[in-house]
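As given, the protein sequences belong to chains A and B, one line each in that order. Its first residue numbered 1, the first sequence is counted upward by one per residue in my numbering. Its first residue numbered 783, the second sequence is counted upward by one per residue in my numbering. Note that the Cβ used here is the ideal one computed from N, Cα and C, for glycine as well.
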Amino acid sequence: QSLEDCPLDEDEDAFQALGEEDEDIDQFNDDTFGAGAVDDDWQEAHERLAELEDKAGLSREPDGPIGNDGDVLGDPEDALAERLTRLVIDSELEDPAIMQAVHTRDPPQQPGGLNSSIWDSSAVLRRIRGPLLAQDMPSVSVLDYALPQRPPQARDEERDPSERALPRRSSSPIIGSPPVRAVPIGTPPKQAAIPNFNQQILCPKPVHIRATMQQRYPTPYGERMSPNQLCNVPNSSLLGHPFPHSVSPVLTHLQRAQLLGGAQVKLLPAGRMSPSQFARVSGLVGNPLPSVNPKLLQGRVGQMMSPAGGFRAFFGAPPAPPPSQLPHPPGPGSHLQNLRSVLSLSQHPTCSLRPSLTIPALPRPQPQMFRPDTTHLHPQHRRLLHQRQQQNRNQHRSLNGSGGDRGGHRSSHQEQIRKDPYANLMLQREKDWVSKIQMMQLQSTDPYLDDYYYQNYFQKLEKLAATEDVHGDGPKKERTKLITPQVAKLEHTYKPVQFEGSLGKLTVSSVNNPRKMIDAVVTSRSEDDETKEKQVRDKRRQTLVTIEKTYSLLLDVEDYERRYLLSLEGERPALMGERKQKICDMYDNLRGKAPGQDKPSDDHFVQIMCIRKGKRLVARILPFLSPEQAADVLMATARNLPFLIKKDAQDEVLPCLLRPFSHVLYHLPLGTVTSLVQQLTNLPQSASAPTNLHLTAVLQNKFGLSLLYLVLSRGEELQSSDANAELMQDNQWTELMLMATRELLRIPQGALAKPVSIPSNLISLFSRYVDQQKLNLLETKL
Amino acid sequence: MNYMPGTASLIQDIDKKHLVLLRDGRTLIGFLRSIDQFANLVLHQTVERIHVGKKYGDIPRGIFVVRGENVVLLGEIDLEKESDTPLQQVSIEEILEEQRVEQQAKQESEKLKVQALKERGLSVPRADTLDEY
Numbered sequence: 001q002s003l004e005d006c007p008l009d010e011d012e013d014a015f016q017a018l019g020e021e022d023e024d025i026d027q028f029n030d031d032t033f034g035a036g037a038v039d040d041d042w043q044e045a046h047e048r049l050a051e052l053e054d055k056a057g058l059s060r061e062p063d064g065p066i067g068n069d070g071d072v073l074g075d076p077e078d079a080l081a082e083r084l085t086r087l088v089i090d091s092e093l094e095d096p097a098i099m100q101a102v103h104t105r106d107p108p109q110q111p112g113g114l115n116s117s118i119w120d121s122s123a124v125l126r127r128i129r130g131p132l133l134a135q136d137m138p139s140v141s142v143l144d145y146a147l148p149q150r151p152p153q154a155r156d157e158e159r160d161p162s163e164r165a166l167p168r169r170s171s172s173p174i175i176g177s178p179p180v181r182a183v184p185i186g187t188p189p190k191q192a193a194i195p196n197f198n199q200q201i202l203c204p205k206p207v208h209i210r211a212t213m214q215q216r217y218p219t220p221y222g223e224r225m226s227p228n229q230l231c232n233v234p235n236s237s238l239l240g241h242p243f244p245h246s247v248s249p250v251l252t253h254l255q256r257a258q259l260l261g262g263a264q265v266k267l268l269p270a271g272r273m274s275p276s277q278f279a280r281v282s283g284l285v286g287n288p289l290p291s292v293n294p295k296l297l298q299g300r301v302g303q304m305m306s307p308a309g310g311f312r313a314f315f316g317a318p319p320a321p322p323p324s325q326l327p328h329p330p331g332p333g334s335h336l337q338n339l340r341s342v343l344s345l346s347q348h349p350t351c352s353l354r355p356s357l358t359i360p361a362l363p364r365p366q367p368q369m370f371r372p373d374t375t376h377l378h379p380q381h382r383r384l385l386h387q388r389q390q391q392n393r394n395q396h397r398s399l400n401g402s403g404g405d406r407g408g409h410r411s412s413h414q415e416q417i418r419k420d421p422y423a424n425l426m427l428q429r430e431k432d433w434v435s436k437i438q439m440m441q442l443q444s445t446d447p448y449l450d451d452y453y454y455q456n457y458f459q460k461l462e463k464l465a466a467t468e469d470v471h472g473d474g475p476k477k478e479r480t481k482l483i484t485p486q487v488a489k490l491e492h493t494y495k496p497v498q499f500e501g502s503l504g505k506l507t508v509s510s511v512n513n514p515r516k517m518i519d520a521v522v523t524s525r526s527e528d529d530e531t532k533e534k535q536v537r538d539k540r541r542q543t544l545v546t547i548e549k550t551y552s553l554l555l556d557v558e559d560y561e562r563r564y565l566l567s568l569e570g571e572r573p574a575l576m577g578e579r580k581q582k583i584c585d586m587y588d589n590l591r592g593k594a595p596g597q598d599k600p601s602d603d604h605f606v607q608i609m610c611i612r613k614g615k616r617l618v619a620r621i622l623p624f625l626s627p628e629q630a631a632d633v634l635m636a637t638a639r640n641l642p643f644l645i646k647k648d649a650q651d652e653v654l655p656c657l658l659r660p661f662s663h664v665l666y667h668l669p670l671g672t673v674t675s676l677v678q679q680l681t682n683l684p685q686s687a688s689a690p691t692n693l694h695l696t697a698v699l700q701n702k703f704g705l706s707l708l709y710l711v712l713s714r715g716e717e718l719q720s721s722d723a724n725a726e727l728m729q730d731n732q733w734t735e736l737m738l739m740a741t742r743e744l745l746r747i748p749q750g751a752l753a754k755p756v757s758i759p760s761n762l763i764s765l766f767s768r769y770v771d772q773q774k775l776n777l778l779e780t781k782l
Numbered sequence: 783m784n785y786m787p788g789t790a791s792l793i794q795d796i797d798k799k800h801l802v803l804l805r806d807g808r809t810l811i812g813f814l815r816s817i818d819q820f821a822n823l824v825l826h827q828t829v830e831r832i833h834v835g836k837k838y839g840d841i842p843r844g845i846f847v848v849r850g851e852n853v854v855l856l857g858e859i860d861l862e863k864e865s866d867t868p869l870q871q872v873s874i875e876e877i878l879e880e881q882r883v884e885q886q887a888k889q890e891s892e893k894l895k896v897q898a899l900k901e902r903g904l905s906v907p908r909a910d911t912l913d914e915y
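Right, dumping it as structure tokens:
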């Protein structure tokens, strides 16, 4: 029994229905694959459309706005127009399925020739939508997206033949990332890619509630026309969009890239844009006015971000910004375009902005049109950049402008090209772009902190130049110098990104909002556990830490002079106070605060002095200390000199202290000097001791001997200058001198160290205390 | 005009012939066509030059895009002085052969060195673990 009989015998109707179904299926099949099928080869359709678009573009250039070339539109257009009007009425425009169905019927009707009607109606334009809806509509853009660039560029003679649009970059969604940099990452996208580009929006649309980069947008939006803010322009004709004005979306860098790459110009449902504008903009496939496109398009990019559902990527063509707004500084994201626009406009002076278009004709941008804020470029840097642009503009003007000379100029230009046909692959604007980045990197909030050595070097250079100019007779040479400008530091708090419509908050850690990974806890070991070595080691570490802290204080103190000069009058007392405090702190650090003791021990100081850096530190601090404090330091040094000498054997850094010590000495009274000598010679020792080890050590060391000489010389100075000072009669001094001279005589010549300098008045000093013979001996020794 | 006085910028070097030394030891010679802020380079008509002793050989490579971090140094080649060299150019095969021989000799000597050290109870850390840092 056949299959057919069994189940279906019972139900003739069902069979009937099945049969009908079959018929339907057949019909469907036929429609899809068979003869009756609509030729829905999207690839073909795409090509056709692309061609169309080419021709549409072509027709744009020589002719006028769309309205004028009525001759191009023939009868087919009427039929199409009819269909299109029907579509307009159709309310279900949002439904992709319907749109698809409608669209598939259309392309075949279009003749291979020019049919610009496609651009005419806003409805048509509306239909061109983003790929987010995952259609494989035969819209140009998706395939443009996928396929390499087509030769609409070829149209443009002026275009560098080697120029190719960069492939689309996909990037990860930006969630909680640092704010969008005004400068896109990587290489600058080629500017004039086909504008009818559906942008594949790869990331979900987190609406960054964080305001636009505050450090770059310090002024209220009214003054600043960032791409984001252009959306919020009140008189925008594109207000029919669903976005609340409060949302000021930050462009993700992806969007910017797409933007720069040339975004598809789309329409809002409001369809306010007039066809001519769209045509104008879309016709800008070629180079002539690439500048207009990106710049104006940016304003609409913000509308890409829709928190609402049914999201569709669209860029409105911006008829909106009235001419007056254009001169306003666009946002930093667009300053590059600005640059580009200036450059490309300058390079194509022959292109004309058809005044009939509603797009505001861009006036020839002047350099000063660039926004006044220097968040991106210091005036000097900008000047450098503009000079270059000016040069290039002049160059190009000379090349293109004068018809008569064209041949001549061209030939030289061509000759250049002939020699190196691959020259200038990197366009001038790209070079400027790179150097702009480099110059931006020079800006800092505190040049002295960030780039101390260059600042110093630069100052030295300037001083040199100044002196040269003073000496020279000629006029002051204008040298281009590179400065590192200081920009204001702007505090901005980071607010983690919030997703609209999500329940709760997403904790995403990022560069600005890092997550604690490790719990680093300082554990201090108990005292009994430590061995002796560990204690010693810890002590040394403590000393090192102290030295470092004191060094920081010292650097601050040394910097105060500069800050003082830069500060306002009112702040100065505060600065002085701070400075004093720091100096006290330094001294405390040096001597070691020992709360329980009256006389601080030398131990701390000696520890510091054992370390090379510590000695250098002391040398640098001494000028800042008060005389008493400085004397104290000297005393401590003298007291412990043998020990320090021993420790210094390897480093030999002690002599660096001589200079500051001598400065200190000049201010010391005799009493102090005496005690100093006492310390040096360590007199309170049993007089019976044949040798004074302390003094011996001192004498045998370069630093020690030099110091001794200095002290003695100072004493002599005081003595000779102050005739009636009773201290001169002081036994102590005499004793000391005798002691010193005895030692000096005793020590063999070879053992005596070579001092840094021998003060001249030593002989006269010694002459007071010793007889001639010994004096001669001493002289030879010295 | 000097783009940025007092700084080193590659902008002035564009379209000029350069010699680029890479971190892996290769020497490339080509026309610098494009740069970016990371000093990524686009070299045109690039030639990889292998030096062994007094001989060198060129391997034509075409277009190179070099990531900036891999560049050790680069310098402009004076086209006039370029031919003014005591080195002798040989064919590619020859130079590769020479290179191979040189590598072998180096490996042999290295092995002997390591052996000698081992006999003395010393060990040298392997260079590749230290890498470039």
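The region 693-713 of chain A contacting the region 632-648 of chain A, beta-carbon criterion three pairs below 8 Å: yes
Where B:D806 falls: helix, strand or coil (DSSP): coil
Closest residue to A:R429 among A:M440, A:L752, A:Q441, A:H386 (Cα-Cα distance): A:H386
Distance, A:L777 Cα to A:L622 Cα: 36 Å
Proximal chain B residues relative to A:L464, where beta-carbon distance stays under 8 Å: Residues of chain B passing the Cβ test: none, with the nearest at roughly 14 Å.
Cβ of A:R382 within 8 Å of any chain B Cβ: no
Test: B:D860 CB closer than 8 Å to a CB of chain A: No, its Cβ sits nowhere closer than 8 Å to a Cβ of chain A.
Per-residue DSSP class, three states only, for A:P447: helix
Check whether B:I934 and B:L814 have beta carbons under 8 Å apart: One cannot answer for residue 934 of chain B here, as it falls past the ends of chain B, which runs 783 to 915.
Whole-Å CB distance - B:V847 paired with B:R805, under 8 Å assumed: At roughly 15 Å, the Cβ-Cβ gap does not stay under 8 Å, so B:V847 and B:R805 are not in contact.
Contact list for A:Y422 against chain B, beta-carbon separation under 9 Å: Chain order gives the chain B residues near A:Y422 as D797, F813, R815, H826, Q827, where near means a beta carbon separation below 9 Å.
Helix, strand or coil at A:Q542 [DSSP, three-state]: Taken through DSSP and simplified to helix, strand or coil, A:Q542 comes out as helix.
Residues near A:Q443 in its chain [Cβ-Cβ closer than 6 Å; skip 5 each side]: P485, V487, listed in sequence order.
Cβ contact (3+ pairs, closer than 8 Å) linking the region 872-886 of chain B and the region 830-844 of chain B: yes
Contact with chain B by A:L425, beta-carbon distance below 8 Å: yes
Cutoff 7 Å; reference A:L575; Cβ partners in own chain excluding five residues on either side: Y560, R563, Y564, S567
Three-way DSSP call (helix, strand, coil) for B:H800 in this model: Three-state result, B:H800: strand.
Extent of the continuous alpha helix (DSSP H) run through A:F703: 702-721
Whole-angstrom distance between A:Y769 and A:G671, CA atom to CA atom: 19 Å
Extent of the continuous beta strand (DSSP E) run through B:L833: In the sequence as presented, Leu is not what sits at residue 833 of chain B; that position holds His. Unbroken beta strand (DSSP E) run through B:H833: 823-834.
For B:Y838, three-class secondary structure by DSSP: Collapsing the DSSP output to three states places B:Y838 in a strand.
CA nearest to the CA of A:P655, picked from A:K702, A:F624, A:V508, A:M426: A:K702
Close-in-space but distant-in-sequence residues of the same chain around A:E779 (CB under 7 Å, 5 per side omitted): I763
Residues of its chain near A:V521, where Cβ-Cβ distance is below 8 Å and the 5 sequence neighbours each way are ignored: none
N-terminal and C-terminal residue of the beta strand (DSSP E) that B:G857 is part of: First-last of the beta strand (DSSP E) with B:G857: 853-858.
Rounded C-alpha distance that separates A:F28 from A:R48: 26 Å
Collapsed DSSP secondary structure at A:F661 in the structure displayed: helix
A:P755 burial status per 10 Å Cβ neighbour count (16 or more: buried): buried
Interface partners of A:I437 on chain C, CB under 9 Å: Among the protein chains of the structure shown, namely A and B, there is no chain C.
Per-residue DSSP class, three states only, for B:G903: It is coil, neither helix nor strand.
For A:P627, the nearest candidate out of A:P660, A:K613, A:S601, A:D648 (CA to CA): A:P660
Presumed contact (8 Å Cβ cut-off) between A:P642 and A:H694, rounded CB distance: 6 Å
Reduced DSSP category for A:Q486 - H, G, I as helix; E, B as strand; rest coil: strand
Residue-level contact to chain B via CB, A:G333, 8 Å cutoff: Any answer about A:G333 is weak, because its pLDDT of 41 lies below 50 and its placement is not dependable; what the coordinates show is given next. Interface flag for A:G333 against chain B is unset, since no Cβ pair is found closer than 8 Å.
Beta-carbon gap between A:S720 and A:S757 smaller than 8 Å: no
Cα-Cα separation, A:E548 to A:D588: 14 Å
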